[in-house]
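Single-structure report; data block below.
2 protein chains.
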Amino acid sequence: MTLTNSRSRPDLLGVLGGMGPLATADFLTKLISRTPARVDTEHIPLVVSSEPNIPVRALGLANDDPSSPLAAMLDRRDFLVSAGAQAIAMPCNTAHYWYAELSAGLDIPFIHIVDAVIAELEAAGLSGATIGLMGTRATVEGRLYEDPILERGFGCLVADADLTASHVVPGIALVKENRIPEAKEMMRHAVERLLDNGAEKVVLGCTELPVGLDMNDPWVAERCIDPTAALASACVDWAMAVRQRGG
Amino acid sequence: MTLTNSRSRPDLLGVLGGMGPLATADFLTKLISRTPARVDTEHIPLVVSSEPNIPVRALGLANDDPSSPLAAMLDRRDFLVSAGAQAIAMPCNTAHYWYAELSAGLDIPFIHIVDAVIAELEAAGLSGATIGLMGTRATVEGRLYEDPILERGFGCLVADADLTASHVVPGIALVKENRIPEAKEMMRHAVERLLDNGAEKVVLGCTELPVGLDMNDPWVAERCIDPTAALASACVDWAMAVRQRGG
Numbered sequence: 024m025t026l027t028n029s030r031s032r033p034d035l036l037g038v039l040g041g042m043g044p045l046a047t048a049d050f051l052t053k054l055i056s057r058t059p060a061r062v063d064t065e066h067i068p069l070v071v072s073s074e075p076n077i078p079v080r081a082l083g084l085a086n087d088d089p090s091s092p093l094a095a096m097l098d099r100r101d102f103l104v105s106a107g108a109q110a111i112a113m114p115c116n117t118a119h120y121w122y123a124e125l126s127a128g129l130d131i132p133f134i135h136i137v138d139a140v141i142a143e144l145e146a147a148g149l150s151g152a153t154i155g156l157m158g159t160r161a162t163v164e165g166r167l168y169e170d171p172i173l174e175r176g177f178g179c180l181v182a183d184a185d186l187t188a189s190h191v192v193p194g195i196a197l198v199k200e201n202r203i204p205e206a207k208e209m210m211r212h213a214v215e216r217l218l219d220n221g222a223e224k225v226v227l228g229c230t231e232l233p234v235g236l237d238m239n240d241p242w243v244a245e246r247c248i249d250p251t252a253a254l255a256s257a258c259v260d261w262a263m264a265v266r267q268r269g270g
Numbered sequence: 024m025t026l027t028n029s030r031s032r033p034d035l036l037g038v039l040g041g042m043g044p045l046a047t048a049d050f051l052t053k054l055i056s057r058t059p060a061r062v063d064t065e066h067i068p069l070v071v072s073s074e075p076n077i078p079v080r081a082l083g084l085a086n087d088d089p090s091s092p093l094a095a096m097l098d099r100r101d102f103l104v105s106a107g108a109q110a111i112a113m114p115c116n117t118a119h120y121w122y123a124e125l126s127a128g129l130d131i132p133f134i135h136i137v138d139a140v141i142a143e144l145e146a147a148g149l150s151g152a153t154i155g156l157m158g159t160r161a162t163v164e165g166r167l168y169e170d171p172i173l174e175r176g177f178g179c180l181v182a183d184a185d186l187t188a189s190h191v192v193p194g195i196a197l198v199k200e201n202r203i204p205e206a207k208e209m210m211r212h213a214v215e216r217l218l219d220n221g222a223e224k225v226v227l228g229c230t231e232l233p234v235g236l237d238m239n240d241p242w243v244a245e246r247c248i249d250p251t252a253a254l255a256s257a258c259v260d261w262a263m264a265v266r267q268r269g270g
């Protein structure tokens, strides 16, 4: 058996990670567990940049502001391309606010996390349902999920500013500190509030949320949609399609 | 805040992964959870190559044999160096059989998984104890752990060829197929056998073993040493030392 240099592998996936680091590891675990593989060689080759020093993903900054994360994200994207990536995935919801800039001029697919979630909602037969949404302030205020969800004919119930500030944002911070049990309690309260207010399913629109809530908990799995897992499934679909085309 | 390009970061860790893929994700999770960080920016920047197409790590092949994994591992090591890695870790026990070749001529540290395990055994006050060992045939027959463990004054009780063939190797294959509950049962039997025969602790000398056995299970945590976690701790120690030196 000879090794095809992964730098020229047609199914080499680039992962723009580190936002945050544990979310990146969670994405890789979900990607691997969703890959239909019986032996190592059937898994998807990966190049991962986990750069935890990308500036905070906050809105309202000019792209050339030194506090903007865009330059750092573009640098990491270009690194993945130079490493031979044939598609890019970014396991961070908020960072998709800069998707237009990150995918501009790129001649390989940049797999969008919101597209992956909407495909999963539709596959689950939820068309027309009211979808709850929680995420960072930037994800909520930037309408990252809300606009595409409404456009596809779903209803959308977004965590309000109070709930975001009191439970969602502090829960995310606890995951970044590795304080998972405390994070879980905080986040579960926010999920319950959205369900009480009429959501049929809740999109966990920040990669720290499924880490904190633990998607293996049946209570969570029944009520929530995990964008990290949806992105992983979309990446597996991409790799399998490339292989089927004989790539 | 400005981003230091991670390609020149003094604490950028390169991970030579994919042997197997799930073990690499497990290593990243353990690395992150052992890092004393409260926010993203305190985590360790990483470049990961997860190349599942590296030839099977079997002994007895000449290094220039096309079936040898060495050329592919050197290719991935060189990729990590070119990406700016300032140290390299390889979350695969068996692959350390080629450690001399992989670290030759390298001017950055290549953190050895067996050194990390021995440090952990000594820190746990087990000096002089009889240590059980299970792993792939190559790890056992190549005496990867046995020689250094004996040299440091421990006893060593190695899973024999029958137990390796009947329970250890099939358990590892089940993890690579994502069949974790079946793997766990298979592996637990092997741990019990080593304990019954006099081992005080069992080194899980293949990265698939702690994934299958689940180190969060108190029964396992009490009886087993996880080389993936030990390697993660050694990498955290490296990064913290680099930062303390003002790197």
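Protein sequences, first through last, are from chains F and V.
According to this note's numbering, the stretch in the first sequence is residues 24 to 270, in order.
According to this note's numbering, the stretch in the second sequence is residues 24 to 270, in order.
In this text, a Cβ means the ideal position worked out from N, Cα and C, and glycines have one as well.
Nearest-angstrom Cβ-Cβ length linking residue i and residue j, presumed shorter than 8 Å
| i | j | result |
| --- | --- | --- |
| proline 68 (chain V) | proline 75 (chain F) | 6 Å |
| valine 234 (chain F) | aspartate 49 (chain F) | 5 Å |
| asparagine 37 (chain V) | alanine 106 (chain V) | In the sequence under discussion, the amino acid at residue 37 (chain V) is glycine, which differs from the asparagine named in the question. With 8 Å as the limit, glycine 37 (chain V) and alanine 106 (chain V) qualify as a contact, their Cβ atoms being about 7 Å apart. |
| alanine 206 (chain V) | valine 198 (chain V) | 5 Å |
| isoleucine 195 (chain F) | cysteine 229 (chain F) | 6 Å |
| alanine 244 (chain V) | valine 140 (chain V) | Incorrect: roughly 15 Å between the Cβ atoms, too far for contact. |
| leucine 125 (chain F) | leucine 97 (chain F) | 7 Å |
| isoleucine 136 (chain V) | isoleucine 154 (chain V) | Between isoleucine 154 (chain V) and isoleucine 136 (chain V) the Cβ distance is about 15 Å, and since that is not below 8 Å, they are no contact. |
| threonine 117 (chain V) | alanine 161 (chain V) | 5 Å |
Neighbour-count burial assignment, residue i, 16 or more Cβ in a 10 Å radius
| i | result |
| --- | --- |
| alanine 112 (chain F) | buried |
| glutamate 169 (chain V) | buried |
| valine 62 (chain V) | exposed |
| leucine 144 (chain V) | buried |
| proline 241 (chain F) | exposed |
| glycine 269 (chain F) | exposed |
| proline 78 (chain V) | buried |
| threonine 27 (chain V) | Reliability fails at threonine 27 (chain V), whose pLDDT of 41 lies under 50, so the model's placement of it is uncertain and no value is given. |
| serine 90 (chain V) | exposed |
| proline 249 (chain F) | In the sequence under discussion, the amino acid at residue 249 (chain F) is aspartate, which differs from the proline named in the question. Under this definition aspartate 249 (chain F) is a buried residue. |
| serine 29 (chain V) | Residue confidence is low: serine 29 (chain V) scores 47 on pLDDT, short of 50, so the model does not pin down where it sits. No coordinate-derived value is stated. |
| serine 274 (chain V) | Limits of chain V in this structure are 24 at one end and 270 at the other, which puts residue 274 (chain V) out of reach. |
| glycine 151 (chain V) | exposed |
| alanine 147 (chain F) | exposed |
| asparagine 220 (chain F) | exposed |
| threonine 109 (chain F) | The residue asked about is misnamed: residue 109 (chain F) is glutamine in this sequence, not threonine. With 16 or more other Cβ atoms within 10 Å, it is buried. |
| alanine 184 (chain V) | exposed |
| glycine 165 (chain V) | buried |
| leucine 167 (chain F) | buried |
| arginine 216 (chain F) | buried |
| arginine 266 (chain F) | exposed |
| histidine 264 (chain V) | It is alanine, not histidine, that sits at residue 264 (chain V) in the sequence shown. It is exposed - the Cβ of alanine 264 (chain V) has fewer than 16 other Cβ atoms within 10 Å. |
| leucine 35 (chain V) | buried |
| alanine 188 (chain F) | exposed |
| alanine 60 (chain V) | buried |
Residue j beta carbon less than 9 Å from that of residue i
| i | j | result |
| --- | --- | --- |
| leucine 156 (chain V) | leucine 180 (chain V) | yes |
| leucine 51 (chain F) | valine 259 (chain F) | no |
| leucine 66 (chain F) | serine 73 (chain V) | According to the sequence shown, residue 66 (chain F) is histidine rather than leucine. Yes, these two residues count as a Cβ contact at 9 Å. |
| proline 4 (chain F) | methionine 42 (chain F) | There is simply no residue 4 (chain F) to check, as chain F begins at 24 and stops at 270 in what is shown. |
| glutamate 231 (chain F) | leucine 45 (chain F) | yes |
| valine 104 (chain V) | leucine 129 (chain V) | yes |
| glycine 178 (chain V) | leucine 227 (chain V) | no |
| asparagine 239 (chain F) | serine 56 (chain V) | no |
| alanine 262 (chain F) | threonine 58 (chain F) | yes |
| proline 92 (chain V) | arginine 100 (chain V) | no |
| valine 71 (chain V) | threonine 47 (chain V) | yes |
| arginine 175 (chain V) | leucine 218 (chain V) | no |
| asparagine 86 (chain F) | alanine 94 (chain F) | yes |
Problem - Whole runs of the alpha helix (DSSP H) within the stretch 115-157 of chain F, excluding any shorter than 4 residues - result: Runs of the alpha helix (DSSP H) lying entirely within the stretch 115-157 of chain F and spanning at least 4 residues, in chain order: 122-126, 136-146.
Exercise for the section: Please specify which runs of the alpha helix (DSSP H), each continuous and at least 4 residues long, are wholly inside the stretch 154-224 of chain V, giving them in chain order. Expected result: Those alpha helix (DSSP H) runs which fall completely within the stretch 154-224 of chain V and span 4+ residues are 160-164, 169-174, 192-199, 203-219.
Problem - Against chain F: residues of the stretch 195-208 of chain V by CB proximity under 7 Å - result: Here the close residues are Lys199, Glu200, Asn201.
Handout entry: Members of the stretch 147-159 of chain V that neighbour chain F once the beta carbon cut-off is set at 8 Å
Key = Cβ contacts with chain F: none found.
Handout entry: Residues, ordered as in the chain, of the stretch 234-263 of chain V that lie near chain F by beta-carbon distance below 8 Å
Key = Those would be none; no residue qualifies.
Problem - Any beta strand (DSSP E) of 3 or more consecutive residues that is wholly inside the stretch 34-87 of chain V - result: For the stretch 34-87 of chain V, the full-length beta strand (DSSP E) segments reaching 3 residues or more read 36-40, 69-73 along the chain.
Exercise for the section: Check each residue of the stretch 55-68 of chain V: if its Cβ is closer than 7 Å to any Cβ of chain F, include it; give the result in chain order. Expected result: Flagged, chain order: Ile55, Ser56, Arg61, Val62, Asp63, Thr64, His66, Pro68.
Practice task
Using a Cβ-Cβ cut-off of less than 7 Å, give me the residues of the stretch 69-84 of chain F that come near chain V, in sequence order.
Solution key: Residues are counted here when their Cβ sits less than 7 Å from a Cβ of chain V; for the stretch 69-84 of chain F these are Leu69, Val70, Val71, Ser72, Ser73, Glu74, Pro75, Asn76, Ile77, Pro78, given in chain order.
Problem - Residues in the stretch 101-120 of chain F having any Cβ partner in chain V nearer than 8 Å - result: Of all residues in the stretch 101-120 of chain F, only Phe102, Ala106 come within less than 8 Å of chain V when Cβ atoms are compared, listed by chain position.
Exercise for the section: Taking only beta carbons into account, state which residues of the stretch 177-196 of chain V come closer than 9 Å to chain F, listed in chain order. Expected result: Answer set for the stretch 177-196 of chain V: Ala196.
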